[in-house]
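Numbering of the sequence shown is given in the UniProt record's numbering, commencing with residue 1 and proceeding in unit increments. The beta-carbon is built from N, C-alpha and C at its ideal position, and this holds for glycine as well. All values reported here derive from a predicted model rather than from experimental measurement. The structure under discussion appears below in the form of structure tokens.
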Amino acid sequence: MRLKNDELQLALERERVLLERERKLTEDLRMSLSLSLPHELRTPLNAVLGFSELLMQSPEASTIEQIRQYGKNIYDGGRRLERIVENSLFYAKLQVIMYTSGESRSRSFAESFDAGEVILDIIQQQAESFRRQGDLIADLLHANLRISSGNFTKILLELLNNAFKFSKPGTPVRVAMRLSNAHCVVQINDHGRGMTSEQIAEIGAYMQFDRRRHEQQGIGLGLIVASLLTQLEGGRLSIESIVEHGTTITLAFPCEEQREQTAKGSFTYQGKEFEFPGLVPPPTERLEQLRKSVVIGDILNVQKQIEEIKNLDSQYVAFAEKLYPLARDLNISAIEQILQHYLGEREY
1 MRLKNDELQL ALERERVLLE RERKLTEDLR MSLSLSLPHE LRTPLNAVLG FSELLMQSPE
61 ASTIEQIRQY GKNIYDGGRR LERIVENSLF YAKLQVIMYT SGESRSRSFA ESFDAGEVIL
121 DIIQQQAESF RRQGDLIADL LHANLRISSG NFTKILLELL NNAFKFSKPG TPVRVAMRLS
181 NAHCVVQIND HGRGMTSEQI AEIGAYMQFD RRRHEQQGIG LGLIVASLLT QLEGGRLSIE
241 SIVEHGTTIT LAFPCEEQRE QTAKGSFTYQ GKEFEFPGLV PPPTERLEQL RKSVVIGDIL
301 NVQKQIEEIK NLDSQYVAFA EKLYPLARDL NISAIEQILQ HYLGEREY
């Protein structure tokens, strides 16, 4: 009887400790919100109000270029406000979900999708947004996940946004995928400002690091949203960082078993456009003809042959459309690298 009482007391004490920890976390969040949220909103709001006031007061004294710049600053400030509000609401929603029962947290919106294809779209979008296409290095492969593609996209957007925002133009941002123990592992590496071990341990909503040196919005909240979403989707997120040298964030999600066997090979390309296996290439003779034109630098014939490949069969349309931007930008070396990859896979 005494043993049962001791066990009950121990269980009650554990519950008390957990409730106290939750109370402290909630209080920390409340204080962080009350201190930081006004600042977070005020900074972009000042840009919106300030530049719109300039336009209203003396539009005739401004040049077209100045008006265009004012408009850009207003737009950028509005987008920052949108992202802060969106992440604030997203975080509040996640907090509710994380404290509900396991049944309520089931991933009802899980779907099967190719993680490599989703990542490809996101990294190109983010690199273009920051005008840093040349800084991006990707090593991608096919791996099927069954989670919410929307949550997966949100995780990557937050992490890539931070990687570009807090590293200097001209320094590389690398995104790599690999398969390990039935998991799809995604690593995002930058050469930015980095974080201390204490900062990593204390990542929390609205707890931005070194705000006096880095007047950027949303890094603390973006990281915590990404971390909670990863946890919600049954994955893992870890951070390795060295101050002033950069940060590596590693994501790991379980792969679908039947898809893992098809995730063979990866294709790496550094620059504005990316390509990797999975598209249906045209017949070998068409690839060889295109390769000859590429080797001699006949760009007009290259463009013509890509058009012919597109019209050859509907299954080759996606392949041709991947080559179009490279041909348009006269990126012969990238086209040659892609052709070598596909020709190398064929038996003949």
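Ala-61 classed as buried or exposed, judged by whether at least 16 other C-beta atoms fall within 10 angstroms: By the Cβ-count criterion, Ala-61 is exposed, with fewer than 16 other Cβ atoms from all chains shown falling within 10 Å of its own Cβ.
Three-way DSSP call (helix, strand, coil) for Ala-182 in this model: Looking at Ala-182 - three-state DSSP - the assignment turns out to be coil, as it is neither helix nor strand.
C-alpha gap between Ser-101 and Leu-94, whole angstroms: Any reading at Ser-101 must be qualified, since the residue scores a pLDDT of 45, below 50, and its modelled position is unreliable; the value itself is stated next. Answer to the nearest angstrom: the Cα atoms are 13 angstroms apart.
Neighbourhood of Gln-69 by C-beta distance below 8 angstroms, restricted to the same chain and skipping five residues each side: Counting only Cβ-Cβ distances below 8 angstroms, and skipping sequence neighbours, we find nothing.
Minimum length 3: unbroken beta strand (DSSP E) runs contained in the segment 121-190: 136-140, 144-147, 173-180, 183-190
Per-residue burial, Gln-126 [other beta carbons within 10 Å of its own, 16 or more giving buried]: buried
Segment limits, alpha helix (DSSP H) that includes Thr-196: Thr-196 -> no alpha helix (DSSP H), and no H or E assigned at all.
Exposed unless 16 or more other CB atoms sit within 10 angstroms - verdict on His-142: buried
From Leu-221, Val-175, Ser-167, Gln-9, residue whose alpha carbon lies closest to that of Val-118: Answer by Cα proximity: Val-175.
Beta-carbon separation (whole angstroms), Leu-251 vs Ile-155, contact threshold 8 angstroms: 7 angstroms
CB-CB length for Met-177 against Leu-140, believed under 8 angstroms: 5 angstroms
Nearest-angstrom beta carbon gap, Val-48 and Gly-71 [assumed within contact, 8 angstroms]: The Cβ separation is near 11 angstroms, so there is no contact.
Burial state of Arg-80 (16 or more Cβ within 10 Å): buried
The alpha helix (DSSP H) enclosing Ile-239, as first and last residue numbers: Run containing Ile-239: none in the alpha helix (DSSP H); it sits in the beta strand (DSSP E), 236-242.
Any 3 or more C-beta pairs closer than 8 angstroms across the segment 143-152 and the segment 160-171: no
Beta-carbon proximity of Leu-326 to Ile-335, cut-off 8 angstroms: Their beta carbons are under 8 angstroms apart, which means Leu-326 touches Ile-335 by this criterion.
Pair within 8 angstroms by beta-carbon distance, Pro-283 and Phe-319: Cβ distance not < 8 angstroms, so Pro-283 and Phe-319 don't count as in contact.
Nearest-angstrom Cβ-Cβ length linking Ile-306 and Leu-323, presumed shorter than 8 angstroms: 5 angstroms
Beta-carbon proximity list for Leu-290, same chain, < 6 angstroms, skipping 5 on both sides: Gln-305
For Ile-242 and Ala-11, the rounded distance between their alpha carbons: Looking at the two C-alpha atoms, the distance is approximately 41 angstroms.
Residue from Gln-315, Gly-134, Glu-111, Lys-165 with nearest C-alpha to Ile-151: The residue you asked about is not Ile; residue 151 is Asn in the sequence shown. Considering only alpha carbons, the answer is Glu-111.
Whole-angstrom distance between Phe-164 and Gln-133, CA atom to CA atom: 11 angstroms
Backbone CA spacing between Pro-59 and Asn-46 [nearest angstrom]: 19 angstroms
Reduced DSSP secondary structure (H/G/I, E/B, other) of Glu-273: Low local confidence applies: a pLDDT of 43 at Glu-273 is under 50, so the model's placement there is unreliable, and no value is given.
Residue range of the unbroken beta strand (DSSP E) whose run includes residue 350: The shown model of the chain, from 1 to 348, leaves out residue 350, and the question about it has no answer.
Spatial neighbours of Phe-130 in its chain, beta-carbon cut-off 6 angstroms, leaving aside the 5 residues before and after: Phe-164
Any non-hydrogen atom of the ligand ATP within 7 angstroms of Lys-292 CB: Within the structure as shown, the ligand ATP is missing, as the structure has no ligands at all.
Reference Ile-249, options Asp-298, Leu-300, Gly-194, Val-302, closest by Cα: Nearest option by C-alpha distance: Gly-194.
Terminal residues of the beta strand (DSSP E) in which Thr-284 lies: Counting along the chain, Thr-284 falls outside any beta strand (DSSP E), though it belongs to the alpha helix (DSSP H) covering 284-295.
Simplified DSSP assignment, three categories, for Pro-44: helix
Whole-angstrom distance between Arg-16 and Asn-162, CA atom to CA atom: In a straight line, the C-alpha of Asn-162 is about 37 angstroms away from that of Arg-16.
Per-residue DSSP class, three states only, for Pro-281: Coil.
Distance, Glu-13 Cα to Leu-160 Cα: 42 angstroms
Rounded C-alpha distance that separates Thr-63 from Leu-55: 11 angstroms
Cβ neighbour criterion (16 or more within 10 Å) applied to Tyr-75: exposed
Proximity of Tyr-316 and Val-225 at Cβ, strictly below 8 angstroms: no
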